[in-house]
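**Q** Here's a structure for you.
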Amino acid sequence: MNMLDNCSDLRPVNLAKSFEVRPKKDAIELLRHHVVRLVSERGLSGTLPDGFSAQAYLANLEDLLEALEEEREAYVAP
1 MNMLDNCSDL
11 RPVNLAKSFE
21 VRPKKDAIEL
31 LRHHVVRLVS
41 ERGLSGTLPD
51 GFSAQAYLAN
61 LEDLLEALEE
71 EREAYVAP
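So that you can map any letter, position 29 of the sequence shown is 29 in my numbering, and since no number is skipped, the others follow by simple counting.
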């Protein structure tokens with residue numbers, strides 16, 4: 001979504017959908033890189049919440065990114 005006039009007014013009249021709303025492949029890779037890095041750093045420092053599974057979180061992230069990639073490819077494909 002792109003804000004048209006007032007960036008603090010989220011009424012539908014101020015929102016416009018553009019054709020660039022699907023994440024590009026390089027953006028997905030950058031997101032993956034930083035999330036994996038941050039989870040790894042927190043795991044090494046011992047600051048992950050109790051009961052938090054980094055492996056389960058990253059598996060869920062991969063499922064989400066796979067779904068986004070499928071949507072992106074479907075959108076780009078004729």
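Where is the CB? At the ideal position from N, CA and C, for every residue including glycine.
Span of the alpha helix (DSSP H) holding Asp26?
**A** Asp26 -> alpha helix (DSSP H) spans 25 to 45.
**Q** Near Ala67, which residues of its chain fall below 6 angstroms by C-beta distance, leaving aside the five closest residues on each side in sequence?
**A** There are no such residues.
**Q** Report yes if the CB atom of Arg42 is closer than 9 angstroms to the CB atom of Ala54, and no otherwise.
**A** For Arg42 and Ala54, yes; Cβs fall inside 9 angstroms.
**Q** Helix, strand or coil: how does DSSP classify Asp63 here?
**A** Looking at Asp63 - three-state DSSP - the assignment turns out to be helix.
**Q** Does the separation of the CB atoms of Leu31 and Leu65 fall below 9 angstroms?
**A** It is a contact, given that the beta carbons lie within the stated cut-off.
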